[in-house]
Amino acid sequence: MAKYSDIKGFTVQTLSSDTTASAIPGATWASGGALPAAIRENAGAGATYNAALSFGGNTGSAIAETDSYNGTSWTEVAEMNTARRLLAGAGTQTAALAYGGWPPNKDETESWNGSSWTEVADLNTARRGASGVGVTNTANLMVGGDADPGTALVESWNGSSWTEIADLNTAREGSNNWGTSTSAVSAGGINASGNTIDSVEKWNGSSWTEIAELNVGRRRSGTSGPDNTSGLFFGGDSPAPAKVATTEHFDGSAWTEVADMSEGRAMEASAGHDAGSSLAIGGTASTGDVATTEEFEAPAVFSKQVEGQLFFNSTTNAFKETISDVPGGVWSSGGTMNTGRSDSFGYGTNNSAAAVASGIAGSPAGNSTAHEQYDGSSWAEATEMNNPRSDGSASGPFTSAILIAGFDTYAQYSAPYAVDCETWNGSSFTEVANLNSGRGYVGSSGTSSTSALVSSGYTSPPATGYANTEIFDGSSWTETGDLNTSRPGAAGAYGAPVTDTVFFGGSQGPPAPRTAITEKWNGSSWTEVGDMNTGKNMATSAGDSGSNALAYGGSRGSPNPAATQTEIWNGTAWTELNDYSTNRGQSQKQGVKSMTSAILAGGTPDSAATEEWNAPLANKTITST
1 MAKYSDIKGF TVQTLSSDTT ASAIPGATWA SGGALPAAIR ENAGAGATYN
51 AALSFGGNTG SAIAETDSYN GTSWTEVAEM NTARRLLAGA GTQTAALAYG
101 GWPPNKDETE SWNGSSWTEV ADLNTARRGA SGVGVTNTAN LMVGGDADPG
151 TALVESWNGS SWTEIADLNT AREGSNNWGT STSAVSAGGI NASGNTIDSV
201 EKWNGSSWTE IAELNVGRRR SGTSGPDNTS GLFFGGDSPA PAKVATTEHF
251 DGSAWTEVAD MSEGRAMEAS AGHDAGSSLA IGGTASTGDV ATTEEFEAPA
301 VFSKQVEGQL FFNSTTNAFK ETISDVPGGV WSSGGTMNTG RSDSFGYGTN
351 NSAAAVASGI AGSPAGNSTA HEQYDGSSWA EATEMNNPRS DGSASGPFTS
401 AILIAGFDTY AQYSAPYAVD CETWNGSSFT EVANLNSGRG YVGSSGTSST
451 SALVSSGYTS PPATGYANTE IFDGSSWTET GDLNTSRPGA AGAYGAPVTD
501 TVFFGGSQGP PAPRTAITEK WNGSSWTEVG DMNTGKNMAT SAGDSGSNAL
551 AYGGSRGSPN PAATQTEIWN GTAWTELNDY STNRGQSQKQ GVKSMTSAIL
601 AGGTPDSAAT EEWNAPLANK TITST
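Per the working numbering: the sequence shown = residues 1 to 625.
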């Protein structure tokens, strides 16, 4: 934590309240004008809460009525050609689209031009119970819904026809969607078993990826938002028939509960292309169907949070700095790799610039030369390594890495062992100088393809654990001081320099129990320091020095082989943080340099799953000394 004495020469802005990441935490719900009649299962469209439409719905039977809202009152303007309820809608007050609905399941699509509805091309699959995606009436998505039963089908509208595109990962009815035809989110709903769910998926224009779950799983809620980086989710039933007033804001990586609605309601329509300007229209509450509307508005003026900002909060009489809060970080699902694998190793800068290479995959299993790179949402196959291997190590940023040693063959517990190393320049691999001691289960640290440190490792027969350390200077490897304790599978702070790193975990045998031992390197010798909270072998790491590291993933041994714990090292002690969700061992051995945006990929058995670690910005009080 920073000290006031370190910044005393700077002019510090005085604020009456803390800065915030967005205006959303300061937003509130307020009553709006009442609809002409109580209604549920209607659809909405509109860019803001004061310029919206409500159409279709159920007032005892399906209706075709369309009402327009000006921020104060509703006016009936026209009727759709087909009465329906449980329909989807999207667009603006003057250019909207209505599609699907019931009864029975409908495929009709109607386009609104500001004064009247026109029937256009039908959906490929008739269905009900989904909300629409789109900010115009010419580029839309129909996501999920109930086609008897619930479906994962997604269709895209180009202004004249519907085309089936990539399915959701989870079939859902009563889901709640927002965004554009190339950047959208689908959240909550009911799965194929009829259970209310909290799962969330984002759309990048070509595929759906599971991301952070809702705090409160529910269906038939209201939504608003511009794309898959920001959105609002409100109301719904959880599970039916319980109505909730809970409102959650999505910032692109995590959900935060914000101001509740005045009453719980479900099956309402919604409008808003901005999470800070939303409208809840009608619906059904615990007392029955309602005609009320509620407006969600974020303040126009607020103090935005900026990393590195210093300020004085005059209300709490405290100096603050805005920093990345690594202990407050959370894991969320990322894109799926093209090839599921275990025992791989990776390199990278952060969770938007990372790669995984080699490993064990396939049936029958065998070592691989496969190499994939991640851009923060999806994996793409890249140039393969020259030699197949597994359980090696890596270090260096996204465009300048070195991949080191490992097992030459799938028969991991017998020779030969790789001594060869390959460097990556952003487009191709080049073989460089061999290690002095070939081995698998190695750990490493380093800042580039020309500056790396390797220690630990294993060969057999005879079963041998290594303590020796080698440093690469761009042309050759030089042996230097040994670890105090030989332990195969120890991991190093991924992005730390060769003069200041920390190694942790590993196994000691026989019978190879997992260890929590931590040793710190000062450029010439190793010193044992504070143990980890949980012993683990072959952990994945992130970090940039001997005093700044994350450890996650790896293996704990029987009876709970996978280690889901995340721990942070501050140079003195380890502290446990949030666990990641998918229980798996043998994920990639090395991670990325950034502790605020790390990554974990692959694992046993042949997993293609990816999880992303993101640390939020937070305002921390500065101590005065």
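Virtual Cβ for every residue (Gly too), placed ideally from N, Cα, C. Small disclaimer: the values here were computed from a predicted structure and weren't measured.
Could you check if Lys304 is buried or exposed, using at least 16 other CB atoms within 10 Å of its CB as the buried criterion?
exposed
Based on DSSP bridge pairs, tell me the residues matched to Leu232.
According to DSSP, Leu232 bridges with Ser224 and His249.
Is the region 206 to 218 close to the region 241 to 257, with three or more CB pairs under 8 angstroms?
yes
Take Gly346 as the anchor and find which of Thr339, Ala355 and Asn338 has the nearest alpha-carbon.
Checked all of Thr339, Ala355 and Asn338; the closest Cα to Gly346 is Ala355.
To the nearest angstrom, how far is the alpha carbon of Ile622 from that of Glu307?
Between Ile622 and Glu307, the C-alpha separation is close to 15 angstroms.
Does DSSP classify Ile24 as helix, strand or coil?
helix
Once DSSP output is grouped into helix, strand and coil, what is the label at Val143?
strand
Would you list the one or two residues that DSSP bridges to Ser444?
Answer is Val454, bridged to Ser444.
Between which residues of its own chain and Pro239 is the CB-CB distance below 6 angstroms, once the five residues before and five after are set aside?
Thr196
Residues in its own chain within less than 6 angstroms of Ala38 by CB, not counting five upstream and five downstream?
Asp289, Val290 and Ala291
Kindly give me the distance between the Cβ atoms of Ser278 and Tyr458, rounded to whole angstroms, as I take these residues to be in contact under 8 angstroms.
A Cβ-Cβ distance of about 57 angstroms is found for the pair Ser278 and Tyr458, leaving them out of contact under the 8 angstroms criterion.
Who are the Cβ neighbours of Ser206 in its own chain at under 7 angstroms, not counting the five residues just before and after it?
Ala166
Looking at C-alpha atoms only, which residue of Ser199, Ser181 and Trp178 is the closest neighbour of Gly188?
Selection Ser199, Ser181 and Trp178 evaluated against Gly188 yields Ser199 as nearest (Cα-Cα).
Which residue marks the beginning of the beta strand (DSSP E) containing Gln373, and which one marks its end?
His371 to Tyr374
Taking the beta carbon of Gly129 as the centre, do at least 16 other beta carbons fall within 10 Å, making it buried, or is it exposed?
buried
Kindly indicate which three-state DSSP category Val356 falls into: helix, strand or coil?
strand
Would Thr136 and Asn177 be called neighbours here (beta carbons separated by less than 8 angstroms)?
no
Going by DSSP, what residue range makes up the beta strand (DSSP E) through Val498?
Neither: Val498 is in no beta strand (DSSP E) and is coded neither H nor E.
Contact between the region 20 to 29 and the region 293 to 303: three or more CB pairs below 8 angstroms?
They touch, by the three-pair rule.
Pairs of beta-carbons, one from the region 336 to 352 and one from the region 307 to 324, closer than 8 angstroms: are there three or more?
no
Ser587 and Trp331 - do their beta-carbons sit closer together than 8 angstroms?
no
Reducing DSSP to helix, strand and coil, say where Val326 ends up.
In the displayed model, Val326 falls within a helix according to three-state DSSP.
State the Cα-Cα distance for the pair Ser17 and Asp274, rounded to the nearest angstrom.
24 angstroms
Out of curiosity, what's the CA-to-CA distance linking Asn578 and Ala357?
26 angstroms
Closer than 6 angstroms by C-beta to Met267: which residues in its own chain qualify, once you throw out the five before and the five after it? Chain order, please.
Arg40, Glu41, Arg220, Gly283 and Thr284
Starting from the C-beta of Tyr413, find all residues in its chain whose C-beta is less than 6 angstroms away, skip the five residues before and the five after it, and write them out in chain order.
Reliability of the predicted coordinates at Tyr413 is poor, the pLDDT of 49 falling under 50, and the value obtained from them is presented with this limitation in mind. The residues are Ser460.
From the DSSP output, which residues share a beta bridge with Phe55?
Ala43 and Thr66
Leaving aside the five residues before and after Thr349 along the sequence, list all residues of the same chain whose C-beta is less than 7 angstroms from its C-beta, in chain order.
Pro397, Phe398, Val592, Lys593 and Ser594
Relative to the C-alpha of Gly446, which residue among Thr501, Ser456, Ala490 and Asn468 is closest?
Thr501
Taking only three categories from DSSP, how would you classify Tyr552?
strand
In or out: Gly100 buried (at least 16 other Cβ within 10 Å) or exposed?
Around the beta carbon of Gly100, 16 or more other beta carbons sit within 10 angstroms, so the residue counts as buried.
Roughly how many whole angstroms lie between the Cα atoms of Thr14 and Thr316?
11 angstroms
Figure out for me which residue from Gly179, Pro241 and Thr182 has the closest Cα to the Cα of Ile190.
Pro241
In its own chain, which residues sit with a C-beta less than 6 angstroms from the C-beta of Ser230, not counting the 5 before and 5 after it?
Ala275
Just to check my reading of the structure: Tyr441 and Asp391 have Cβ atoms closer than 8 angstroms, yes? What is that Cβ distance to the nearest angstrom?
That belief holds up - the Cβ atoms of Tyr441 and Asp391 are roughly 5 angstroms apart, short of 8 angstroms.
Straight-line CA distance for Ser131 to Leu600?
33 angstroms
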